[in-house]
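Enquirer: Below is the structure I would like to discuss, written out as structure tokens.
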């Protein structure tokens, strides 16, 4: 039997998009994840533990204990049912469950009978996969054990998020290095910024023009410094240029300096 839980609100396409954004599929073995599956195996005293990511047609195994497998067809997995829930899915005896009685992993090696899985839920509520434990004999978890499994699943998710953020930070550093290289070759480039106004690079020309040091200017949001009557016009010009994929376009605007004076730029 499985625990009754509510269904998630996200569509499958949105869930898959979220999964792919983490860039975790088909990555190398990682001791952080292996330590968590080992811990789960020991806590629940079971021979098998897995961290599985549920792809469109496959179950990809990030870490496993007791059964060396890289991936399995999604339609043969227990985890395909777990991601349809927001709580622990428990199968106390697979031979008595019509969904799993004929499953090759039940009728053949490793002859699974018990399964319990907790969804890996990210900050936006997307279920990426499952932390699960299995046994070759029927079992039943206590309420406390289910809470422990959920806690371990959250810890897995913490590692997934941290690694994504680390990769993003590394990519950002590489992008900043490229910006600095470009600016050193092109002295006409005074400011490089993101569309939301974050300043990525600013050169020394800003000091005499606006009265800010380079460090002070780097902490200013561009849109806040822009003269209020020019903001919508500049945004509209930039949006149109980006939308039309123009290689270059020109727009004039005013920026308010540190002492409140206005300066024209393009």
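Numbering (the numbering used here), first residue to last: 6 to 271. Cβ atoms here follow ideal geometry from the backbone N, Cα and C, with glycine treated the same way.
1) Going by the beta-carbon positions, is the gap between residue 88 and residue 59 smaller than 9 Å?
2) Where does residue 202 land, buried or exposed, given buried means 16+ other C-beta within 10 angstroms?
3) Please state whether DSSP places residue 152 in a helix, a strand or coil.
4) Going by beta carbon distance, what residues of the same chain come within less than 7 Å of residue 146, once the five residues before and after it are set aside?
5) Look at the alpha carbon of residue 233 and the alpha carbon of residue 248, and state the distance between them as a whole number of angstroms.
6) Taking only runs of the beta strand (DSSP E) that begin and end inside the region 82 to 141, which ones reach a length of at least 3 residues, in chain order?
7) Which of helix, strand or coil does DSSP assign to residue 244?
8) Is the separation between the beta-carbon of residue 16 and that of residue 67 shorter than 9 Å?
9) Measure the C-alpha to C-alpha separation of residue 62 and residue 235 and round it to an integer number of angstroms.
10) For residue 53, count the other beta carbons within 10 Å of its own beta carbon; 16 or more makes it buried, fewer makes it exposed. Which is it?
11) Select from 259, 242 and 260 the residue whose C-alpha is nearest the C-alpha of residue 253.
12) Measure from the alpha carbon of residue 93 to the alpha carbon of each residue in 269, 126, 107 and 117, then state which is nearest.
13) Under 9 Å between C-beta atoms, does residue 225 make it to chain D?
14) Do you know offhand how far residue 258's Cα is from residue 270's?
15) Out of 134, 129, 80 and 133, state which residue places its alpha-carbon closest to the alpha-carbon of residue 108.
16) Is the beta carbon of residue 48 closer than 9 Å to that of residue 136?
17) Which residues mark the beginning and the end of the alpha helix (DSSP H) in which residue 43 is found?
18) Do residue 142 and residue 105 have their CB atoms nearer than 9 Å?
19) Cutting at 6 Å between CB atoms, please list the residues of its own chain near residue 144, excluding the five before and the five after it.
20) Under a Cβ-count criterion, where at least 16 other Cβ atoms within 10 Å of its own Cβ denotes burial, should residue 18 be classed as buried or exposed?
21) Under 9 Å, do residue 231 and residue 268 count as touching if we go by C-beta distance?
22) For the alpha helix (DSSP H) containing residue 22, name the first residue and the last one.
23) Residues in the same chain with beta-carbon distance under 7 Å from residue 85, minus the five sequence neighbours each way, listed in chain order, please.
24) For a test of the three-state rule: what should DSSP assign to residue 54, helix, strand or coil?
25) Let me check understanding here. Comparing Cα to Cα, which of 36, 172 and 38 lies closest to residue 27?
26) From residue 175 to residue 166, what does the alpha carbon distance come to, in whole angstroms?
27) Buried or exposed, going by whether 16 or more other CB atoms sit within 10 Å of the CB of residue 124?
28) Which residue's Cα is closest to the Cα of residue 91: 44, 132 and 83?
Expert: According to the structure shown:
1) Sequence index remark: in the chain shown, residue 88 carries index 83 (1-based). Sequence index remark: in the chain shown, residue 59 carries index 54 (1-based). In contact: residue 88 and residue 59 (Cβ atoms closer than 9 Å).
2) For the purposes of this step, residue 202 is taken as residue 197 along the chain shown, with counting starting at 1. With fewer than 16 Cβ atoms within 10 Å of its Cβ, residue 202 is classed as exposed.
3) Numbered from 1 along the chain shown, position 147 holds the residue referred to as residue 152. If DSSP states are grouped into helix, strand and coil, residue 152 belongs with the helices.
4) Position 141 of the chain shown, counting from 1, holds the residue named residue 146. Result list for residue 146: 95 and 121, in chain order.
5) If you number the chain shown from 1, residue 233 lands on position 228. If you number the chain shown from 1, residue 248 lands on position 243. Taking the straight line joining both Cα atoms gives about 23 Å.
6) 94 to 96, 119 to 126 and 132 to 140
7) In the chain shown, residue 244 corresponds to position 239, counting from 1. Of the three classes helix, strand and coil, the one that applies to residue 244 here is helix, per DSSP.
8) Walking along the chain shown from the start, residue 16 turns up at place 11. Walking along the chain shown from the start, residue 67 turns up at place 62. Cβ atoms of residue 16 and residue 67: not closer than 9 Å.
9) Walking along the chain shown from the start, residue 62 turns up at place 57. Walking along the chain shown from the start, residue 235 turns up at place 230. Answer to the nearest angstrom: the Cα atoms are 51 Å apart.
10) Translated into the one-based positions of the chain shown, residue 53 becomes position 48. Residue 53 is buried by the Cβ-count criterion.
11) In the chain shown, counting from the first residue as 1, residue 253 sits at position 248. Checking every option, the nearest Cα to that of residue 253 belongs to 242.
12) Reading the chain shown from its first residue, position 88 is the one you call residue 93. Out of 269, 126, 107 and 117, 126 has the C-alpha closest to the C-alpha of residue 93.
13) Going by chain labels, chain D is absent from the structure shown, which holds only one protein chain.
14) In the chain shown, residue 258 corresponds to position 253, counting from 1. In the chain shown, residue 270 corresponds to position 265, counting from 1. Cα to Cα, residue 258 sits roughly 5 Å from residue 270.
15) Indexing the chain shown from 1 puts residue 108 at position 103. Nearest of 134, 129, 80 and 133 to residue 108, Cα basis: 80.
16) Numbered from 1 along the chain shown, position 131 holds the residue referred to as residue 136. Numbered from 1 along the chain shown, position 43 holds the residue referred to as residue 48. In this structure, residue 48 does not lie closer than 9 Å to residue 136 by Cβ.
17) Counted from its first residue, the chain shown places residue 43 at position 38. Here the alpha helix (DSSP H) through residue 43 covers 36 to 49.
18) Locating residue 142 in the chain shown gives position 137, where the first residue counts as 1. Locating residue 105 in the chain shown gives position 100, where the first residue counts as 1. Not in contact: residue 142 and residue 105 (Cβ atoms no closer than 9 Å).
19) What you label residue 144 is simply residue 139 of the chain shown in a count that begins at 1. Answer for residue 144: 119, listed in chain order.
20) Along the chain shown, read from residue 1 onward, the residue named residue 18 stands at position 13. Exposed.
21) Counted from its first residue, the chain shown places residue 231 at position 226. Counted from its first residue, the chain shown places residue 268 at position 263. No, these two residues do not count as a Cβ contact at 9 Å.
22) Along the chain shown, one-based indexing puts residue 22 at 17. Here the alpha helix (DSSP H) through residue 22 covers 17 to 26.
23) Your numbering for residue 85 matches position 80 in the chain shown. Correct list, in chain order: 59 and 79.
24) Counting from one through the chain shown, the residue named residue 54 turns up at place 49. Three-state DSSP puts residue 54 in a strand.
25) Here the question's residue 27 lines up with position 22 in the chain shown. Among 36, 172 and 38, the Cα nearest to that of residue 27 is on 172.
26) The residue given as residue 175 occupies position 170 in the chain shown. The residue given as residue 166 occupies position 161 in the chain shown. Taking the straight line joining both Cα atoms gives about 14 Å.
27) Working through the chain shown from its first residue, we reach residue 124 at position 119. Classification for residue 124: buried.
28) Counted from its first residue, the chain shown places residue 91 at position 86. Residue 91 has its Cα closest to that of 132, out of 44, 132 and 83.
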